[in-house]
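Heads up, the thing below is written out as structure tokens.
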């Protein structure tokens, strides 16, 4: 029941908002002190959810001139700055998870506060002050899924690999050697008293 | 030498060839970092507990934060930080689901959805002049809309609470009219606005609430004049003070205005000094504040007042709360010894209490400052009350049924200064190691970890691993660790309270409400300004605890007297405090310590005298030997002058004080005030370590960095450009940066950026300066780097000269020498506005540097210094590429993975502190604002230790596998040998 009421309320609100704000959003008005800049932020996924913004952008901030004024988004994504003097301003959108380009906004004094906007990142002119994120931001590295290669490439993997190489390939190499040459080498080794692996191990002396 | 250079070249190449980003996996969140969210000192509180479900309380604070808190645990449901100038004036709840806030001097009205904090609407209220601000929400029974009445900017507005539309607007701006109260009696359609015209006329307006029609307007003169606030004495009688402050004036306002005076001294016999009426929203009782006590007064009969209670101790009381039909209650809280006593009374019956509770309170929380009460229904259908109390240290706590349900340390939202202290060394015989219970547990843990890395773990296992990693008691021990990760962060809050936070988990180890920073008779407005490390024992004085110095001033002016206090960093006890007889303009920690390792500090007062602390003869002796070598500078921002100073002689005036010195001015740089205005300065950190002066560049060449501790960066702008973006054109704005040697006053470098303006944020480290400013022509932010190289050493590369001894390597380095320096500079675009900037610092200065940029979105971005290298070119040569030079791009890259705050925000970011750890590769980064965030970063990755997720189990398995392989091969070779023998 409660929820129902809320929904109807919100939809009424939405209608009011729309009726009050023309859809061509880049307009500004205002008398003596300054002009009003109206704009809209659209985030992908917002349209599918209807009128409410995704939870991520409900805490989005719209910042004028590096912190001179801060405002927030309405449920439909609209925002406005009031009492802005004529001149060239900078609007930034701070929303976690999205990268927005700062926007250069010219408020004309002659033309009754007409607003011209352009993205500063790529110098793209905007016909109306509708801001969309340039990209989503991923703050975490994505873990590589487990693969044999990563284990093999790790220092331990390399050690094991080397061991395997020694165990299985070296005897092959030895086999390919000339038997006489081998005998001579073995004798040389014995005469020099170089201990073999077998001698190092316990119990090997007895054999 | 060459060998060392080549080795370091090799090392740098090795380091740089690694990926510079030190990104985090999302399961590593919370391992090395912690994040604490605060809101600041509560200003307005609205409870929302009527309906079943989640009980919450909405709070607006001095830090311009609006937050919805869980009433059961004190956690934050949602939170919004408004702009710095967007101060919240009033707050209320409308329709049971919208939080209404009035801010920016009564001009902006916003509605926030209560469950999720989404802004629903925003209205601009046109006002013409600053005035008092009032907000009230009125409920008309006939329709679903609540009407919000707002008074602000001299206008009364009625606003629909559904969409924020202004229904009607009335301007109350006659000449010199000061509206004092706007209110609306219960169950009436009339809105009253009362105020003073000039000093002696009383004016009332009555409006129809629905249409805004002015029903009645009356004015009456009172010969005594008025001063201060207006309060209610009863529903139809107001009370004010007359101009002399000695009479209470009762004002009957509804039909005919009439005045009745009462002498205060008749009611309160021993009153003296200036009284004022406390702004209360009680009816029936009002409060009068005298210099020592609070007096509650009540109206009895026709215009007769009576004192109901006089409270001498510190006390706070709440607004009236109507909790059942026609009954109103209010809460009163006062200190009784070490306990606080909460009393809830009906506002028309002083003698009986609805509730009386008392609770023990931590003396470090100071006095109560504010109380807000709320009622609830007990199970036996009687009324219970809960109270939200704001203490002197800005903490917020909920008191219910005689216990403190939760406390929030919101003083930490207003950090002024931070320093660090080492933890005690682990003593022998004291077993703290409960980390690994036994080998089996240890192995089990590591097997789990291994399963995790091999992606074989079930979800339960993963949860177990995560829990194990997060609660590792290793990081929160109270002793020094081998890597130097565990330290104490000592922070000074705006309320004058010191907190020691553990870097491992961010818990408060101790806190101290500094007695010298509390308001007292001799010191009316104490403000803390800085903390310094006073005594850092190592070597021979290890038995002593380290201590810190807190510098504060008794007032806001530059000539306010100073107060020093010394606090033990381990126990949090104040060791001593000194009330100085002079002011403090500057504090210079000297690089000298006495035999107990107390650091010598030189305090410069506003009249230009220097005072040495500690005042001991030993310190004096040490100081005397360095007497001619002490230089400092001062910046006169009003006259745009930078001056260099040195010590001159003992103060001649007072023979007794031998620790006071006269100073002399050595040099001064006067900026032309019509074209330049100082907006920013920066110096190198005092404790920064530089590993080597030589820098090996491509093709084995060496350049020498100009490394001077006395480098000062100054940025000036055209006077017109010292205002926000959007108010100047590129033609009339320029930015000039200077590099100044503070010993000789020599200007090393001067550079002009035409068409640029502030704000400028700068950082100096080693031989470079990086600064951030706004380029008006491109309408983008820019960052520039200046690197300084020492040319006088450049010819030392000749081997023959080295052999023949004709080099100047052995000539002593002197601050007086004027070496030939060469500057290299480059500029890049940077996307975001910057709030603060800092640079990583490591123990030995070998690790490459990262800039830490606090962006406007309250995130901290780590940007490799390599991106800000003046030698970057569009097509670097092969040799330069090997050296790690990145091809030139016009803007600096923003890699999302290099945000050290990852997906968190440090709301209201104000400062970033970097602390080197003992491990060379690693730096602790502490970012503070309304929130606190601490993490550990390794700018060139942890090349000197194993990472957290190093798998010991895999190592163990490898070793076992190797041993097994050895045995297998042994057996095989035995067999083979036997076969050979048989053959």
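Chains as they are written, first to last, in full-length UniProt numbering: chain G, 1 to 207; chain V, 1 to 983.
We put the beta carbon where it would ideally sit given N, CA and C, even for glycine.
Classification of residue i by the beta-carbon crowding that lies within 10 angstroms, buried from 16 upward
i	result
residue 69/V	buried
residue 554/V	buried
residue 649/V	exposed
residue 191/G	exposed
residue 183/G	exposed
residue 88/G	buried
residue 37/V	buried
residue 874/V	exposed
residue 146/V	buried
residue 975/V	exposed
residue 869/V	buried
residue 573/V	exposed
residue 393/V	buried
residue 637/V	exposed
residue 379/V	exposed
residue 964/V	exposed
Bridge-paired residues (DSSP) for residue i
i	result
residue 361/V	Paired residue(s): none; residue 361/V is not in a bridge.
residue 159/G	Note: residue 159/G sits in no beta bridge, so no partner.
residue 392/V	Note: residue 392/V sits in no beta bridge, so no partner.
residue 754/V	734/V
residue 420/V	489/V
residue 789/V	705/V and 822/V
residue 335/V	340/V
Segment limits, beta strand (DSSP E) that includes residue i
i	result
residue 42/V	42-48
residue 938/V	Counting along the chain, residue 938/V falls outside any beta strand (DSSP E), and DSSP gives it neither H nor E.
residue 683/V	677-683
residue 922/V	Run containing residue 922/V: none; DSSP gives neither H nor E here.
residue 227/V	226-234
residue 554/V	547-554
residue 39/G	35-41
Identity of the residue in the options nearest residue i by Cα
i	options	result
residue 768/V	836/V, 743/V, 277/V and 693/V	693/V
residue 846/V	921/V, 813/V, 781/V and 642/V	921/V
residue 642/V	679/V, 817/V, 33/V and 624/V	679/V
residue 158/V	508/V, 212/V, 707/V and 182/V	212/V
residue 663/V	604/V, 685/V and 319/V	604/V
residue 686/V	710/V, 201/V and 854/V	710/V
residue 276/V	966/V, 347/V and 288/V	288/V
residue 410/V	824/V, 354/V, 418/V and 65/V	65/V
residue 717/V	630/V, 667/V and 773/V	773/V
residue 112/G	158/G, 119/G and 85/G	85/G
residue 849/V	583/V, 128/V and 841/V	841/V
residue 176/V	161/V, 169/V and 130/V	130/V
residue 831/V	134/G, 140/G, 165/G and 180/G	134/G
residue 115/G	122/G, 130/G, 101/G and 121/G	130/G
Run of the alpha helix (DSSP H) containing residue i, from where it starts to where it stops
i	result
residue 969/V	952-982
residue 658/V	No alpha helix (DSSP H) holds residue 658/V; DSSP gives it neither H nor E.
residue 170/G	170-176
residue 881/V	878-883
residue 149/G	148-153
residue 621/V	617-625
residue 265/V	264-267
**Item:** Segments of 3+ residues assigned as beta strand (DSSP E) that fall wholly inside the stretch 44-111 of chain V
**Value:** Those beta strand (DSSP E) runs which fall completely within the stretch 44-111 of chain V and span 3+ residues are 56-61, 65-70, 76-81, 88-94 and 98-103.
**Asked** Which full runs of the alpha helix (DSSP H) of 4+ residues lie inside the stretch 811-859 of chain V, going along the chain?
**Response** Qualifying alpha helix (DSSP H) stretches: none in this window.
**Request:** Could you pull out every unbroken beta strand (DSSP E) segment of at least 3 residues lying fully inside the stretch 53-95 of chain G, listed in chain order?
**Result:** With a minimum length of 3 residues, the continuous beta strand (DSSP E) runs that stay inside the stretch 53-95 of chain G are 61-64, 69-72, 78-84 and 87-94.
**Prompt:** Going along the chain, which unbroken runs of the beta strand (DSSP E) with 3 or more residues stay wholly within the stretch 476-537 of chain V?
**Reply:** Under the rule that a run must span 3 or more residues, the beta strand (DSSP E) segments found entirely inside the stretch 476-537 of chain V read 487-493, 497-502, 508-513 and 526-535.
**Item:** Ranges of the alpha helix (DSSP H) found wholly within the stretch 575-645 of chain V, counting only runs of at least 4
**Value:** Fully enclosed alpha helix (DSSP H) runs of 4 or longer: 617-625.
**Message:** Ignoring anything shorter than 4 residues, give me the alpha helix (DSSP H) runs that lie fully in the stretch 144-220 of chain V, in order along the chain.
**Reply:** For the stretch 144-220 of chain V, there is no continuous alpha helix (DSSP H) assignment of 4+ residues that stays within its boundaries.
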